[in-house]
Amino acid sequence: GENVEQHPSTLSVQEGDSAVIKCTYSDSASNYFPWYKQELGKGPQLIIDIRSNVGEKKDQRIAVTLNKTAKHFSLHITETQPEDSAVYFCAASTGSSNTGKLIFGQGTTLQVKP
Amino acid sequence: DTEVTQTPKHLVMGMTNKKSLKCEQHMGHRAMYWYKQKAKKPPELMFVYSYEKLSINESVPSRFSPECPNSSLLNLHLHALQPEDSALYLCASSPGLLLTGALQIKPQHFGDGTRLSIL
Numbered sequence: 003g004e005n006v007e008q009h010p011s012t013l014s015v016q017e018g019d020s021a022v023i024k025c026t027y028s029d030s031a032s033n034y035f036p037w038y039k040q041e042l043g044k045g046p047q048l049i050i051d052i053r054s055n056v057g058e059k060k061d062q063r064i065a066v067t068l069n070k071t072a073k074h075f076s077l078h079i080t081e082t083q084p085e086d087s088a089v090y091f092c093a094a095s096t097g098s099s100n101t102g103k104l105i106f107g108q109g110t111t112l113q114v115k116p
Numbered sequence: 039d040t041e042v043t044q045t046p047k048h049l050v051m052g053m054t055n056k057k058s059l060k061c062e063q064h065m066g067h068r069a070m071y072w073y074k075q076k077a078k079k080p081p082e083l084m085f086v087y088s089y090e091k092l093s094i095n096e097s098v099p100s101r102f103s104p105e106c107p108n109s110s111l112l113n114l115h116l117h118a119l120q121p122e123d124s125a126l127y128l129c130a131s132s133p134g135l136l137l138t139g140a141l142q143i144k145p146q147h148f149g150d151g152t153r154l155s156i157l
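In structure tokens, the structure reads:
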């Protein structure tokens, strides 16, 4: 079945450094790729998304890149701050029947050290 | 603050109890979702409602019964749950666009969940 692999599972960076999280998907028909940030005790919060007709998208310190040929996409956070510490999930839409169903990666716990 | 409101935030129930989880959104979204999330795991899709009709049931046991009374509300009725059903239950919504029988993919926005514990 469809699968999304996410790496690394944990990431620790110093404040001000950049953080990169990578995901690979298996369904070549996937065309929508959101990223979610989940803080302790909260639900996942959509932070950025990208569609298959775009190669890169940026929103302030956050950017996402998509390589459809290689079937991978990445989240880049620049100038990290302690409040960026959270669990990050990537996801990919399933191509079949365009139902709005998402397949999530296993998550990356990001720790930003002051 | 999230625009998807879930109640209660915490729920403890015995295996013979009947309880309901509630979800409400006032963003005019026409697709609503129930997810289950275990600790340190990603959300797992349970049900999708599109225009108040059940469109996806991910082979969820019948002890979980969803209901969508109107476009703003989503309920999850619980009965005879098992200890392994203890988890965070998340509701999400998205703008639904019915296009030739399919949902145009729109961003999903999550509530903060109900933390369910089964004794």
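If you're matching them up, the sequences are chains A and B in order. Going by this note's numbering, the first residue of the first sequence is number 3, and it counts up by one from there. Going by this note's numbering, the first residue of the second sequence is number 39, and it counts up by one from there. Note that beta-carbon positions come from the ideal geometry of N, C-alpha and C, so glycine has one too.
Return the residue from the list B:Leu-154, B:Gln-63, B:Gly-149 and B:Ala-130 that minimises the CA-CA distance to Ser-110 (chain B).
B:Gln-63
What is the residue span of the beta strand (DSSP E) that Arg-89 (chain B) lies within?
For the record, residue 89 (chain B) in the displayed sequence is Tyr; it is not Arg. Note, Tyr-89 (chain B): premise wrong, no beta strand (DSSP E); not H, not E.
Tell whether a beta-carbon distance below 9 Å holds between Ser-87 (chain A) and Leu-112 (chain A).
yes
Could you tell me which chain B residues have their CB closer than 8 Å to the CB of Lys-1 (chain A), listed as they occur along the chain?
Outside the displayed span of chain A (3 to 116) sits residue 1 (chain A), for which this structure offers no information.
Helix, strand or coil for Pro-99 (chain B)? Go by DSSP, reduced to three states.
coil
Close beta carbons around Glu-17 (chain A), own chain, < 8 Å, minus the five adjacent residues each side:
Thr-82, Gln-83, Pro-84, Val-114, Lys-115 and Pro-116
Is it true that the region 40-51 of chain B meets the region 102-111 of chain A, where meeting means three or more beta-carbon pairs spaced less than 8 Å apart?
no
Leaving out the 5 sequence neighbours to the left and right, which residues in its chain are closer than 6 Å to Ser-93 (chain B) when beta-carbon positions are compared?
Val-86
Cutoff 7 Å; reference Arg-53 (chain A); Cβ partners in own chain excluding five residues on either side:
Asn-33 and Tyr-34
Apply the 10 Å Cβ neighbour rule to Asp-19 (chain A) and answer buried if 16 or more other Cβ atoms are within range, or exposed otherwise.
exposed
Sort B:Pro-145, B:Ser-131, B:Arg-153 and B:Ile-156 by Cα distance to Val-42 (chain B) and report the nearest one.
B:Ser-131
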